[in-house]
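Note that the numbering used here has the sequence shown beginning at 718, numbered continuously upward.
To start, the structure itself, in C-alpha cells.
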Amino acid sequence: MNMKLCRKTLPVLAVVLSGLLAIACTESKTTTSIPDSTENVATTDVTTPSQDSTIPPPTGEPFVIGVVNTEGSPAADFPDFTNAFRAAANYINSELGGFAGRPIELEICISVGSPESSQACAQELAAKKVDLAMIGLDIFVDYGTFNAASIPVIGAVPILPSDYTADAVYITAGNLVVQGSTANAITNPKYLGLKKVAIIANDSPATLSALATLEPALAFAGATAVVIKGGETETDAGYRLLMQQAAATNPEAIISMYGQSGCVALMRARVELQVEVPAFTNTACLADTVINAVGDAAQGWYFAGSQGGVESADTDLMRQYVSQVVNKAPEDVDVFGFTTLGWIQTLSIWKVANNIGPTVTGTAITDSFRQGKGTLWGSDAELQCGTVPSLSAVCSFAIPFAVYTENGAEPAFGGENISALDVLDL
C-alpha cells in the first residue's frame, strides 16, 4: 500500500528519554566547563506572508522567546528541537500573524549538558529580558535565575524529578507517561486486558529508571511481570536468545526496552521463534532504518507515543518550514524524533497566546495553561496543567499508540490517547 506513514511522536520518545535520565544521573559530576561563548541566535526578520494567508503580518514590539536547548555534547545533542523552534517561529510570523499581532523573535542559547552551561544560558537570557523561556531539552534548567528575573518557563519534556514540580509548565510528562500508558494499554480490559508480561531490558541506569515506573504500574494494574536482562548491546544471537527466554515464560504480552539496533534483531527473532503475542516498544523503533530492515516482521508490534496513519497536512506543512531551516528538500526532512515535538510545543504556545490578544505576556501565557485553557497544536486535546499535585508542572498524561499491520503503521486502540494515571500510584 503506497502511503506516506505518519511516525511522529505526540509527544515523547521513550528510549531517548530513558537515555536522558541516565545522562541526568551521571552528568551532575561533570567537569565540563562553560563554553567560551554561549551561542545565541536571534531570529529578528519577519518572513513575508504567504499569498494564501489573509492574516495581516505582525507589527510592533517583538515578543521575545528565549530558547535553551542542548547541543554539541557527545552524550546530549538535540538540534532537532532548535530547528523546529526556528521553523515554527517562521510559520507563525509568515502565516499566523505572530503572537496576537506581534512578531516573534527568538534568542537561542545552546547548553552542552552541564549545570554550568545551563546556568550560563539562563543568565544570558535573563540579561536580555526575554518575555518567555522555552526549553527544548535542558537537563539542568536553572529555574532560580529565571524566577528571579520573572521569566516564565515552558518546556516539553521534564527529565529530573525536580522538573515535575518546578515553577514551570511542561506540555508532557516524559518517560513517566510512556511507561504508565504502556502498562495501561496492556492491562486495561478496555484495551488488551492482559495480565502476564515479559519485559526484555538491558541493565543500564536508563532502563533501570524506566523499569522503576513500568514494573509498579503493571503491578498496580494486577499484572505479573518477568524481566529478562541483557547487555546494553547484544549480537543478533544475543537478542534472539532474549526473545526466546521471554517466550519461555508464556507471556500474554512482551515489552522491549531496547533501542533501534535491538528492535531490528528482536522483531526478526519474534517471527523466527513464532512468538504471536503482542509486543510493545518505543517510537524510536518506527524509524525508517528499522522498518526498512525488518519489513513485515514489524507486524504485531505497538509503538508507544506514535500516531499511525497517513501523514497529516500539518506534517506536510512542518516539512516545508523545517526544510527551509535545514536546507533540505521537504521529503528529506526527518520528522521522526524531536522535530515534531518542538513544532507542537511552539504552536501550542501560539494557540494560547492568540487567545489572550495583543496584551500577551509570558506570565499570561503560563497562567492560561495553568487555568486549563491550553490545547495541543493539531488537536483539541485539553492540557491538564497542575491537575496532579505530585506532578504540578505537567500538563499531559496520555499518549497515542500505533500498531504495525500489513498496511503499515496505523492508529491503535481506535486512535485514543491512553492515560498513564490509571496505573500510577501517585
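We put the CB at the ideal spot given by N, CA and C, even for glycine.
Within 9 angstroms, strictly: CB atoms of residue i and residue j
i, j, result
"F937", "L1141", "yes"
"N864", "I827", "no"
"S926", "I1116", "no"
"R957", "I971", "no"
"P773", "P820", "no"
"S1065", "I888", "yes"
"V870", "A890", "no"
"I868", "L849", "yes"
"L931", "M960", "no"
"A902", "I1135", "yes"
"T1057", "T1092", "no"
"N1098", "Y1019", "The displayed chain sequence assigns Ala, not Asn, to residue 1098. No, they are not a contact pair."
"A804", "Q1041", "yes"
"G939", "K912", "yes"
"N810", "P775", "yes"
"L823", "I782", "yes"
"D1051", "D797", "yes"
"E993", "G1017", "yes"
"V1069", "K1090", "yes"
"G1103", "C1112", "yes"
"G979", "A1119", "no"
"L928", "Y1121", "no"
Bounding residues of the alpha helix (DSSP H) (the contiguous stretch that carries residue i)
i, result
"V1069", "F1055 to I1073"
"I903", "N892 to T904"
"S1107", "First-last for S1107: undefined, no H or E at that position."
"S867", "Per DSSP, S867 belongs to no alpha helix (DSSP H) and is neither H nor E."
"Q1041", "A1030 to V1043"
"I856", "Counting along the chain, I856 falls outside any alpha helix (DSSP H), and DSSP gives it neither H nor E."
"L1003", "Note, L1003: premise wrong, no alpha helix (DSSP H); not H, not E."
"T1080", "G1079 to R1087"
"Q961", "D953 to A964"
Beta strand (DSSP E) segment containing residue i, residue limits
i, result
"F997", "A996 to N999"
"L925", "Premise fails: L925 lies in the alpha helix (DSSP H), P922 to F937, not in any beta strand (DSSP E)."
"L849", "L849 to I852"
"Y881", "Element bounds for Y881: n/a, residue is neither H nor E."
"V870", "V870 to G872"
Beta-ladder partner(s) of residue i, from DSSP
i, result
"T787", "S828"
"K913", "T941"
"G1125", "T1122"
"S1113", "In the DSSP output, where bridge partners are listed per residue, S1113 has none listed."
"K946", "A918"
"I772", "None, per the DSSP bridge assignment."
"W1018", "A996"
"E1099", "T1092"
Backbone secondary structure at residue i - three-state DSSP
i, result
"M974", "coil"
"S1023", "strand"
"F795", "coil"
"I809", "helix"
"F816", "strand"
"Y908", "coil"
"A1137", "coil"
"E1048", "helix"
"T889", "coil"
"E969", "coil"
"G777", "coil"
"Q991", "coil"
"D1142", "coil"
"G1131", "helix"
Contacts around residue i, its chain only, beta-carbon distance under 6 angstroms, and the 5 residues preceding and following it disregarded
i, result
"L1138", "F1114"
"T1063", "F802 and A805"
"A839", "D859, T862 and F863"
"M1035", "W1060"
"N1071", "A817"
"P832", "F857"
"S745", "Its pLDDT being 35, under 50, S745 is placed unreliably by the model, and the measurement read from it follows with that caveat. Nothing listed; no residue qualifies."
"P1047", "R1036, Q1037 and S1040"
"T1083", "P869 and V886"
Cutoff 8 angstroms; reference residue i; Cβ partners in own chain excluding five residues on either side
i, result
"S835", "V785, S828, D855, I856, F857, V858 and D859"
"G948", "N919, D920 and G955"
"F795", "N786, T787, E788, G853, L854 and F1055"
"L1143", "V1105, S1107 and L1108"
Contact set for residue i: own chain, Cβ-Cβ below 7 angstroms, skip 5 residues either direction
i, result
"A915", "V943, I945, A963, T966, P968 and I971"
"K846", "none"
"L935", "A900, T904, V914 and A942"
"A1110", "P875, D880, Y881, T882, A883, A885, V886 and Y887"
"E1123", "Q1016"
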